[in-house]
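2 protein chains.
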Amino acid sequence: MRKIAVLGIGQTKVDEHWDKSLRELGGEAAFLAMQDAGMDKVDALYVGNMLSPMVSGQNQLGTFFSDWIGLWHQEAVKIEAACGSGSAAFRSALMAVASGDIESALVVGVEKMTDKAGKDVTAALATAADADYELEQGVSFVGINAMVMRRYMHEFGWKHEDFAPFSINAHANAMHNPHARLHEKVTVEKFEKSSMVATPINLLDASPVGDGAAAAIIVPAEKVLRQPKVIVAASAAATDTIGVHSRKDPMFLNAAYLSSKQAYAMAGLTPSDIDFFELHDAFSIMAALSLEASGFAERGQGVRLGLDNKIHPKGNLPICTRGGLKARGHPVGATGMYQIVEVVQQLRGECGATQVDGARVGMAQNIGGSGATIMTHILSVEGTK
Amino acid sequence: MRKIAVLGIGQTKVDEHWDKSLRELGGEAAFLAMQDAGMDKVDALYVGNMLSPMVSGQNQLGTFFSDWIGLWHQEAVKIEAACGSGSAAFRSALMAVASGDIESALVVGVEKMTDKAGKDVTAALATAADADYELEQGVSFVGINAMVMRRYMHEFGWKHEDFAPFSINAHANAMHNPHARLHEKVTVEKFEKSSMVATPINLLDASPVGDGAAAAIIVPAEKVLRQPKVIVAASAAATDTIGVHSRKDPMFLNAAYLSSKQAYAMAGLTPSDIDFFELHDAFSIMAALSLEASGFAERGQGVRLGLDNKIHPKGNLPICTRGGLKARGHPVGATGMYQIVEVVQQLRGECGATQVDGARVGMAQNIGGSGATIMTHILSVEGTK
C-alpha cells in the first residue's frame with residue numbers, strides 16, 4: 009500500500025463549549041490542522057461523529073463542514089462507528105489516499121455533547137449497544153461495562169483498588185495537557201471514595217464526556233519534507249459481535265487482538281517495539297482488556313502493568329500520555345482523532361513533562377461500542393524500523 | 009486506479025416492512041448479494057444509512073450488520089451523507105479495494121423509515137438540511153425544494169404540468185419492477201389533480217419514503233470470470249454549500265456538474281456515450297436539474313427531455329428505468345445502492361419490459377441534501393469503450 013504521512017494536526021480543548029456551535033468547534037480543529045500543515049486546500053474531507061443527528065439535529069456532517077471551512081466543492085463524507093468514529097474516519101481517508109484517487113485528506117473527529125441534558129446524552133450513547141437485545145433489557149452502556157468488570161474481578165481475583173493506577177496515571181498526565189478536560193490529581197484514596205456509577209464502576213473509573221474536535225491532514229509520504237516525518241506504519245480494523253452477551257469470552261477483546269495483530273504484521277513490528285500506546289480507557293476495565301488483547305500482558309494480568317508502575321511516561325509501556333479518555337476526556341466521535349493527534353505530538357517530541365523519551369513508534373487503539381468495532385493504528389518516525 | 013467489478017447484487021422490495029426489523033431488512037439484501045456473487049465471505053462491510061440513530065435507536069450499523077450476517081471479525085463501518093449515504097458507502101468501498109488493502113467488499117444501503125409516525129420521519133429527514141440556518145426558520149426539506157421549483161418555473165417559463173412526464177415515466181417503469189414500492193399508472197390528469205404537499209410540489213412530484221435495502225459485492229475486475237463483466241468505469245463525488253440560500257444560483261446543481269464532469273473524464277466518455285441514467289428524482293424538479301447539470305440538457309431545458317419523449321426506456325436517454333425514487337421508492341440511505349443495483353441489472357440485460365436495448369454504459373447519480381453532496385458513478389460492460 010502507498011506510504012502515507014500525517015502532515016498537520018489540530019485540536020480544541022475538551023470542555024463544555026457552550027459558546028461554540030458544532031460547526032465552530034469542528035472548524036477550529038480543522039483550521040488548526042490546515043495551518044499546521046501549511047495547506048489551505050485538500051482533496052477530500054472525512055468527518056468522524058456519532059451523536060450529531062440526535063444531539064444537534066444535524067446530519068450530513070461531511071458537507072456541513074466542507075461548506076463551513078471553505079473547502080467548497082471538495083468531496084466530503086461522515087463515518088460513524090460509535091465511539092470508534094474518529095479512527096474509522098481516519099482509516100477511510102487513508103484508504104482513499106492509498107487508492108491514488110485523491111492526494112490529500114483532512115480528517116476531523118468532532119462531538120458536541122453538552123448541549124443536551126445528561127439523560128438525553130446517556131440515551132444517545134446507548135445507540136452504540138444493541139437496541140433490540142441489550143437496550144430493550146434496560147441496561148445502559150456503562151452497565152454493560154460494569155458487568156464485564158465485575159466478572160473480570162471475580163475471575164482473576166483483583167480488587168477494585170487494583171484499577172486505581174490507570175486513573176491516577178491518566179489524571180497525572182492530563183495535568184500537563186492544556187487540551188485535557190480534567191486537571192485534577194487522583195490518589196488511591198480519592199479513587200476508592202469516588203461516587204458509584206454502576207457497581208463496580210465509579211466516577212474515577214469512567215471517562216467524562218465533553219465537547220471537542222481533533223483533526224489531521226494526511227498526504228502521500230513522498231511529498232513531505234517536514235522533519236520528523238510521521239508516517240502511518242499500519243492501519244487495521246476488526247469487529248466482534250455487537251452485544252457482549254454473544255461472545256464466547258466477554259473478557260477478551262477479540263477485535264483488539266485481531267486488529268493489533270494485523271497492524272503489527274503490516275508494520276513489521278512486535279509489541280516490544282511500541283514506545284507508547286494511546287488506548288481506549290473509556291472505563292478502567294477497558295484499559296486492562298486492551299493491554300491484554302494487544303499483546304502487552306497475559307490474560308487477566310493487564311492490571312498488573314499499572315500496579316508495577318510501567319504505564320507512566322517514563323515506564324516500560326507509557327499509556328494515555330496526554331490523559332487518555334479518562335482525563336483528556338471522551339467526546340465520543342472525536343476521541344479516535346485525539347489519539348492520532350496525541351501520537352503525532354509524542355513522535356514530534358512536543359509533549360513536555362509527559363514526553364516519552366526517544367519516542368519513535370506509537371500505537372493508537374480506538375473502540376466503538378463494548379469492544380464491537382476496533383481500529384488499531386501504528387505511527388512512526390520515518391527511518392524507524 | 010485499480011479496476012473494480014460489481015460481482016453480486018441484491019435488493020428487497022421497497023415497502024412498509026413492519027414484519028421485518030432493521031437487521032432482517034439489511035440482512036436480506038446482503039444475503040442475496042452474497043448468493044448472487046457466490047461468496048460467503050468478504051474482507052469488509054460498508055453500510056450506507058441515514059436515519060437509524062433517530063428512527064431505530066441504533067448506531068454502529070457496520071458492526072451491527074457484520075454480526076448479524078455472519079461476517080464475524082471482518083472490518084465494518086457506516087457511511088452517512090443524508091440521502092446520498094448509499095453511494096457514499098459504495099465509493100468508500102471502492103477506495104478501500106482500490107488501495108489494495110482489501111480484496112473484496114460488501115456494500116449495503118439500508119433504511120427503515122415506517123416504524124415511526126410520519127411527523128417524526130419528516131423531522132428526521134430535515135437533519136439533511138442546515139439545522140442552524142434553514143430548519144430554525146421553520147422550513148421543511150420539501151419546502152426547500154418547492155422554493156427551487158417555483159423559482160425555476162418562473163425563470164424558465166414552465167408550467168407545473170410540464171413536469172408530468174418525469175412522474176409518468178417513473179411510474180410506468182415501476183410497473184415492471186417487482187421491487188418497486190408503487191405499481192400505479194400516472195397520467196397528466198392524475199398528476200395535475202394530486203394532493204399538494206408544498207406548492208408547487210404535489211404528491212406525484214415527490215418520491216415516497218419506505219423501508220428497503222440494496223446491496224452489492226465488489227472485487228478487483230481481474231478476478232471476475234462472470235459475463236457480462238460489469239466494471240466501475242468511474243466514481244466521483246463533489247459537494248456544494250449545505251444550504252441552498254448560500255448558492256449563487258439555487259437552480260444549478262454544481263456538485264452534479266463537477267462530479268459528472270470528473271466521472272466522464274475518468275471513464276473517457278461524454279454524455280452521449282451514456283446509454284441510460286439512474287438519477288435522483290426525489291422531486292420532479294431534481295430530475296430536471298440533474299439532467300442539466302450532468303450535460304444532457306441546456307440550462308432550464310431539462311424538462312424538455314420529458315416533453316419530447318426521450319426519457320422512456322426506448323428513448324434517447326432513458327432515466328429511472330426501474331421506477332426511480334419516484335415510484336421504486338426512496339428509502340433514503342438505501343437509494344444510492346438501489347441505483348447501483350439497477351444499473352447492474354440493465355447492463356446484465358435483466359430488465360424485461362423496461363430493458364434498454366444494447367445497454368453497455370449506465371450512470372447513477374445520488375444526492376444528499378438539496379444538492380449538497382453528489383456522487384456520480386459510471387458502470388459499464390467490460391470491453392465497452
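Those sequence lines, one after another, are chains A and B. Take the position in the first sequence, starting the count at 1, then add 8; the result is the number in the numbering used here. Take the position in the second sequence, starting the count at 1, then add 8; the result is the number in the numbering used here. We put the beta carbon where it would ideally sit given N, CA and C, even for glycine. Since the model is a prediction, treat every value here as computed from it, not as a measurement.
Any C-beta of chain B under 8 Å from that of residue i
| i | result |
| --- | --- |
| A/S95 | no |
| A/N67 | yes |
| A/T135 | yes |
| A/P258 | no |
| A/V85 | yes |
| A/D140 | yes |
| A/F72 | yes |
| A/Q373 | no |
| A/S202 | no |
| A/S148 | no |
| A/M42 | no |
| A/T130 | no |
Minimum Cβ-Cβ distance from residue i to chain A less than 8 Å
| i | result |
| --- | --- |
| B/H187 | no |
| B/M9 | yes |
| B/L266 | yes |
| B/G117 | no |
| B/M294 | no |
| B/N262 | yes |
| B/L143 | yes |
| B/L88 | Position check: residue 88 of chain B holds Glu in this sequence, whereas Leu was assumed. B/E88 counts as touching chain A. |
| B/G391 | no |
Exposed unless 16 or more other CB atoms sit within 10 angstroms - verdict on residue i
| i | result |
| --- | --- |
| A/W166 | buried |
| B/E192 | exposed |
| B/G341 | buried |
| B/D44 | buried |
| B/L233 | exposed |
| A/M329 | According to the sequence shown, residue 329 of chain A is Thr rather than Met. That one is buried. |
| B/M204 | exposed |
| B/N317 | exposed |
| A/A380 | buried |
| B/T362 | buried |
CB-CB length for residue i against residue j, believed under 8 Å
| i | j | result |
| --- | --- | --- |
| B/L299 | B/L287 | 7 Å |
| A/V389 | A/K237 | 7 Å |
| A/K322 | B/A89 | Wrong, their Cβ atoms sit about 45 Å apart, outside the cutoff. |
| A/S93 | A/G117 | 7 Å |
| A/A134 | A/V63 | The pair is not a contact, with the Cβ atoms about 13 Å apart (cut-off 8 Å). |
| A/P173 | A/I319 | 7 Å |
| A/Y346 | A/A241 | Their Cβ separation, rounded to whole angstroms, is 19 Å, which puts A/Y346 and A/A241 out of contact at 8 Å. |
| A/M294 | A/V217 | So it is not a contact: roughly 15 Å between Cβ atoms. |
| B/A38 | B/F73 | 7 Å |
| A/V115 | A/Y54 | 5 Å |
| A/R158 | A/P208 | 6 Å |
Sub-8 Å separation of residue i and residue j beta-carbons
| i | j | result |
| --- | --- | --- |
| A/F98 | A/G357 | no |
| B/I152 | B/A264 | no |
| B/G34 | B/A224 | no |
| A/I282 | A/M371 | yes |
| A/T247 | B/T247 | no |
| B/I348 | B/A13 | no |
| A/A104 | A/A113 | yes |
| B/T20 | B/H187 | yes |
| B/D219 | B/E119 | yes |
| B/L190 | B/S202 | no |
| A/A136 | A/G377 | yes |
| B/S302 | B/Q235 | no |
| A/S267 | A/A245 | yes |
| A/A182 | A/R368 | no |
| A/G108 | A/R10 | yes |
Cβ neighbours of residue i in the same chain (closer than 6 Å, five flanking residues each side left out)
| i | result |
| --- | --- |
| B/S243 | R99, L102, H385 |
| A/E83 | A52 |
| B/S215 | A290, L333, K334, H338 |
| B/I327 | F285, L287, I319 |
| B/V352 | V14, I17, V238 |
| B/A271 | A242, A244, T384, I386 |
Same chain, Cβ closer than 8 Å to residue i, neighbours up to 5 away in sequence not counted
| i | result |
| --- | --- |
| A/E163 | M259, G308 |
| B/E169 | V196, F199, E200 |
Same chain, Cβ closer than 7 Å to residue i, neighbours up to 5 away in sequence not counted
| i | result |
| --- | --- |
| A/V364 | D283, F284, P321, P326, T329, Q354 |
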